[in-house]
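Colleague: Please find one structure pasted underneath; my questions will follow.
In my numbering, the protein residues as written are 7 to 452.
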């Protein structure tokens, strides 16, 4: 049995379920001539994460001055740490290691072992065992056993052990053949879901639950994504399909600056640009430009431009533009423009929807334009349609063949205007209203 140096204690309370991912947590700091080691432990306490490092890489006489206001943890650590320090994350832990000084001769070896529950001693199935440096990973079998084959060129090997419902752990090893016995402490299951307001007729579900995702993402990748808390950041990734990616089996836990997918990709998120021959699937946020031949699916927010041949779907907030040959769907607040060949839908829209057939928004502050059908619950903007405009509360303008409103407090222009109650102005050939306070222009029926 190999000797194992435990880098960190496993946390009993995994409170990060409701917080941002580890590297995205924001801090405000004010350090004046404080020892770097003391600063690191202050930061770990404020951001609530486990910190582990070899004291030899952080000199005891190192002193810093540092000030920031709501800066991300990733940016803080990169600024205050010496260039020779490599920052690795594992679940709710930050591990500081000495950067490899030149590559050693690559050697191939196998690490085997077993993972059990620390209390019941029961074998744990589908635990992620990950090589933090190289991103090679595996899952334990029904007996809790695993085998990890590595081709390695560094002096140190860090394994991360993760399972949803258990506190994460990491071990520092010598890179050689060995057999391990590992235990995990049970906690509450983590949820990656963000709270969302209900959107009419659209079920809120994880991005992996879309039919396209079920078809194209291997279950192994989804399991690793559920097990590993947080993400790893990389400049660029290339993939043929989600299962054949430069990010290997942990593609769903990697945030990339640039993502190029020949057929399709599956990522934690994207910061600058993503291009997919057929589709792009991201578990969290996308910033920048996202282009796909068929579909873009995003599990949280989008800030920028989405263009696809068929369909764009975003679960979180969105600011920018969606353009799709078939339809666009946003399940939260949208600021910008939706252009759909057939269909646009958003929870709360401040901007413009232009569709070949149907536009739907709960709250609309802007413009809906379509030849067939526009619908909203609260209209504070303009609906223009050569077919039917429908809203529950009209505080703006409806222009169409048929205009429907339960409460009409704005202006209607159409052949037929139908209102349950009205305090505004309706101009049309036929105006139907149950309770009116002002006369109508045209044939009015009360």
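The beta-carbon is built from N, C-alpha and C at its ideal position, and this holds for glycine as well.
Which value, in whole angstroms, describes the spacing of the CA atoms of residue 384 and residue 53?
Modeller: Answer to the nearest angstrom: the Cα atoms are 41 Å apart.
Colleague: Can you give me the Cβ contacts of residue 363 inside the same chain, cut-off strictly under 8 Å, excluding the 5 residues immediately before and after it?
Modeller: Result list for residue 363: 348, 349, 376, 377, 378, 379, in chain order.
Colleague: Please determine, among 283, 180, 391, 171, the residue with the shortest C-alpha to C-alpha distance to residue 361.
Modeller: Out of 283, 180, 391, 171, 391 has the C-alpha closest to the C-alpha of residue 361.
Colleague: So, helix, strand or coil for residue 436, using DSSP?
Modeller: In this structure, residue 436 counts as strand in the three-state DSSP scheme.
Colleague: For residue 145 and residue 406, what's the separation of their Cα atoms in angstroms?
Modeller: Distance between the alpha carbons of residue 145 and residue 406 is about 59 Å.
Colleague: Taking residue 249 and residue 95 to be in contact with their CB atoms under 8 Å, please state how far apart those CB atoms are, rounded to whole angstroms.
Modeller: The Cβ separation is near 24 Å, so there is no contact.
Colleague: Out of curiosity, what's the CA-to-CA distance linking residue 441 and residue 433?
Modeller: Their Cα atoms are separated by approximately 16 Å.
Colleague: In whole angstroms, give me the CA-to-CA distance for residue 289 and residue 91.
Modeller: Taking the straight line joining both Cα atoms gives about 29 Å.
Colleague: Which word fits residue 230, buried or exposed, when buried means at least 16 other C-beta atoms lie within 10 angstroms of its C-beta?
Modeller: The residue is buried, with at least 16 neighbouring Cβ atoms inside 10 Å.
Colleague: Near residue 172, what residues of its chain come up, given a Cβ to Cβ distance below 7 Å and the 5 sequence neighbours on each side ignored?
Modeller: Cβ within range, chain order: 190, 191, 192, 193.
Colleague: Should the region 279 to 294 be called in touch with the region 178 to 187, which here means at least 3 C-beta pairs below 8 Å?
Modeller: Result no; under three Cβ-Cβ pairs closer than 8 Å.
Colleague: By alpha-carbon positions, which one of 334, 273, 62 ends up nearest to residue 246?
Modeller: For residue 246, the nearest C-alpha among the options comes from 273.
Colleague: Please specify which runs of the beta strand (DSSP E), each continuous and at least 3 residues long, are wholly inside the region 21 to 105, giving them in chain order.
Modeller: 32 to 41, 56 to 59, 69 to 78, 91 to 96, 99 to 104, all fully within the region 21 to 105.
Colleague: So, for residue 261: in the same chain, excluding its five sequence neighbours on each side, which residues have a beta-carbon less than 8 Å away from its beta-carbon?
Modeller: Hits under 8 Å: 237, 238, 239, 240, 273, 274, 275, 276, 277, 290.
Colleague: So the candidates are 352, 114, 188; which of them puts its Cα closest to the Cα of residue 127?
Modeller: Minimum Cα distance to residue 127 is reached at 188.
Colleague: Going by C-alpha distance, which of 343, 258, 125 is nearest residue 304?
Modeller: Answer by Cα proximity: 258.
Colleague: My assumption, with CB atoms under 8 Å, is that residue 38 sits in contact with residue 60. Please give the rounded CB distance.
Modeller: Going by Cβ atoms, the distance from residue 38 to residue 60 rounds to 27 Å, so no, they are not a contact pair.
Colleague: Enumerate in chain order the residues of its own chain whose CB-to-CB distance from residue 313 is below 7 Å, with the five nearest sequence positions on each side excluded.
Modeller: The residues are 297, 329.
Colleague: In this structure, how does DSSP classify residue 282 when only helix, strand and coil are distinguished?
Modeller: The answer is strand: DSSP assigns residue 282 an E or B state.
Colleague: Would you kindly work out how many angstroms separate the C-alpha atoms of residue 158 and residue 164, rounded to a whole number?
Modeller: If you take the alpha carbons of residue 158 and residue 164, they lie about 12 Å apart.
Colleague: Check residue 231 in the structure and name its three-state DSSP category.
Modeller: Note: residue 231 maps to helix in three-state DSSP.
Colleague: Could you tell me whether the Cβ atoms of residue 78 and residue 30 are closer together than 8 Å?
Modeller: Yes, Cβ-Cβ distance for residue 78 and residue 30 is below 8 Å.
Colleague: What whole-angstrom Cβ distance do residue 403 and residue 393 have, given they're in contact under 8 Å?
Modeller: Contact doesn't hold; Cβ gap of about 16 Å is too wide.
Colleague: Give me the Cα-Cα distance between residue 217 and residue 318, rounded to the nearest whole angstrom.
Modeller: If you take the alpha carbons of residue 217 and residue 318, they lie about 14 Å apart.
Colleague: Could you check where the alpha helix (DSSP H) with residue 220 kicks off and where it finishes?
Modeller: That run of the alpha helix (DSSP H) goes 217 to 222.
Colleague: Could you give the distance in angstroms between the alpha-carbon of residue 170 and the alpha-carbon of residue 142?
Modeller: Taking the straight line joining both Cα atoms gives about 19 Å.
Colleague: Please state if the CB of residue 233 and the CB of residue 134 are separated by a distance shorter than 8 Å.
Modeller: Yes. Within cutoff.
Colleague: How big is the Cα-Cα spacing for residue 445 and residue 338?
Modeller: Below a pLDDT of 50, predicted positions are generally treated as unreliable, and residue 445, at 48, falls in that range; the measurement from the model is reported next regardless. Taking the straight line joining both Cα atoms gives about 38 Å.
Colleague: Give every residue of the same chain whose Cβ lies closer than 6 Å to the Cβ of residue 283, excluding the five residues on either side of it in the sequence, and list them in chain order.
Modeller: 268, 269, 299.
Colleague: For residue 119, which option in 86, 136, 263 has the closest C-alpha, if you only look at C-alpha atoms?
Modeller: If we check each option's Cα against that of residue 119, 136 comes out closest.
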